[in-house]
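Asks: I have a structure I would like to understand better, so I am pasting it below and will then ask my questions one at a time.
Numbering (our numbering), first residue to last: 9 to 255.
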């Protein structure tokens, strides 16, 4: 996975509560998928950061304007690369991860592990506004987050929406091969359903249980993925299409 250190961070305000920080990012150094951090400003002014991106000067300045960084959330076992930079800058912030990250990042002290046995009832202080659901059956141990005040679903690798146009500078173009591939990597595509069923699942029964829980209990309009374009409307339908095999 590669993020260009010279690439600009694209900062976008979605509403009074959510600001996104996007950058170019490539899988295996050849496949551009973009990367995005979501900063959620809670009612008390604390900031909840999902999937921290490289901490450059524009990012630091914007976060300081928004409020105090309280939560550094690694939503799966691969979205953790830059969290150490944030912990150094905001040492009082709590780091929250998923099963497997303590072993993978023994240089960090985690304040909580979503989905860890015995941690179901642990409260961090954001639960009145942000609900979470750990997908123990997903390949990357993903956790979904729902910001209830804005009906926004935040996700890392469970759902993507290519192309990653707004994660690259204006005027950036993708070649014809990439555009063809991207056309198959949307929530309503057969390829996304194939990915959800066969490439990002370690336990089918667990996945079905969690997918059904989201479909039946969470209400959301917007989806903010780490990779690809933001879905502003019809989020629940997009989720159902992406995980149709489980419903």
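For glycine and all other residues, C-beta sits at the position ideal for the given N, C-alpha and C.
Starting from residue 66 and walking both ways along the alpha helix (DSSP H), at which residues does that stretch end?
Replies: If you number the chain shown from 1, residue 66 lands on position 58. Segment 65-74, the alpha helix (DSSP H) holding residue 66.
Asks: Can you say whether residue 88 is buried or exposed, counting buried as having 16 or more other CB atoms within 10 angstroms of its CB?
Replies: In the chain shown, the residue the question calls residue 88 occupies position 80. When all chains shown are included, residue 88 counts as buried.
Asks: By DSSP's criteria, residue 3 is part of a beta bridge. Which residues make up the other side?
Replies: Nothing can be reported for residue 3, as the shown portion of the chain is limited to 9 through 255.
Asks: To the nearest angstrom, how far is it from the Cα of residue 144 to the Cα of residue 150?
Replies: If you number the chain shown from 1, residue 144 lands on position 136. If you number the chain shown from 1, residue 150 lands on position 142. The alpha-carbon atoms of residue 144 and residue 150 are separated by roughly 7 Å.
Asks: At what residues does the beta strand (DSSP E) containing residue 140 begin and finish?
Replies: For this step, residue 140 is matched to residue 132 along the chain shown. 138-142 is the span of the beta strand (DSSP E), which, as asked, contains residue 140.
Asks: Check whether the Cβ atoms of residue 238 and residue 246 lie closer than 8 Å to each other.
Replies: For this step, residue 238 is matched to residue 230 along the chain shown. For this step, residue 246 is matched to residue 238 along the chain shown. Not a contact, by the Cβ cut-off of 8 Å.
Asks: Determine the DSSP secondary structure at residue 222, reduced to helix, strand or coil.
Replies: Taking the first residue of the chain shown as position 1, residue 222 is located at position 214. Helix, per DSSP.
Asks: For residue 155, report the span of its beta strand (DSSP E) as first-last.
Replies: The residue you call residue 155 lines up with position 147 of the chain shown. Counting along the chain, the beta strand (DSSP E) containing residue 155 begins and ends at 151-155.
Asks: Give me the Cβ distance between residue 42 and residue 179, rounded to the nearest whole Å; I'm assuming they're in contact under 8 Å.
Replies: Counted from its first residue, the chain shown places residue 42 at position 34. Counted from its first residue, the chain shown places residue 179 at position 171. The pair is not a contact, with the Cβ atoms about 15 Å apart (cut-off 8 Å).
Asks: Quick one: give me the first and last residue of the beta strand (DSSP E) that residue 170 is part of.
Replies: The residue given as residue 170 occupies position 162 in the chain shown. From DSSP, residue 170 is part of no beta strand (DSSP E); its letter is neither H nor E.
Asks: For residue 55, which residues of its own chain have a beta-carbon under 8 Å away from its beta-carbon, when the five flanking residues on both sides are left out?
Replies: Numbered from its first residue, the chain shown carries residue 55 at position 47. Here the set comprises 47, 48, 49, 71, 74, 75, 76, 77, 78 and 79.
Asks: If I follow the unbroken alpha helix (DSSP H) through residue 96, where does it start and stop?
Replies: Within the chain shown, the letter at position 88 stands for residue 96. It spans 91-97 - the alpha helix (DSSP H) in which residue 96 sits, taken as one unbroken run.
Asks: Would you call the CB atoms of residue 19 and residue 155 closer than 8 Å?
Replies: The residue labelled residue 19 in the question sits at position 11 within the chain shown. The residue labelled residue 155 in the question sits at position 147 within the chain shown. It is not a contact, given that the beta carbons lie outside the stated cut-off.
Asks: So, with DSSP's three-state summary, where would you put residue 79?
Replies: Numbered from its first residue, the chain shown carries residue 79 at position 71. The answer is strand: DSSP assigns residue 79 an E or B state.
Asks: Are at least three pairs of beta-carbons, each pair with one atom in the segment 159-167 and one in the segment 103-113, less than 8 Å apart?
Replies: no
Asks: Between 23, 146, 251 and 60, which lies nearest to residue 210 when the distance is taken from Cα to Cα?
Replies: What you label residue 210 is simply residue 202 of the chain shown in a count that begins at 1. Nearest option by C-alpha distance: 146.
Asks: So what does DSSP say about residue 131, is it helix, strand or coil?
Replies: Mapped onto the chain shown, residue 131 falls at position 123. If DSSP states are grouped into helix, strand and coil, residue 131 belongs with coil.
Asks: The beta strand (DSSP E) with residue 102 in it runs from where to where?
Replies: In the chain shown, residue 102 corresponds to position 94, counting from 1. Residue 102 -> beta strand (DSSP E) spans 102-105.
Asks: Have a look at residue 196 and residue 254 and give me their C-alpha separation to the nearest angstrom.
Replies: Position 188 of the chain shown, counted from the start, is the residue given in the question as residue 196. Position 246 of the chain shown, counted from the start, is the residue given in the question as residue 254. Straight-line Cα distance between these residues: approximately 14 Å.
Asks: Leaving aside the five residues before and after residue 233 along the sequence, list all residues of the same chain whose C-beta is less than 6 Å from its C-beta, in chain order.
Replies: In the chain shown, counting from the first residue as 1, residue 233 sits at position 225. Hits under 6 Å: 163, 167, 168 and 169.
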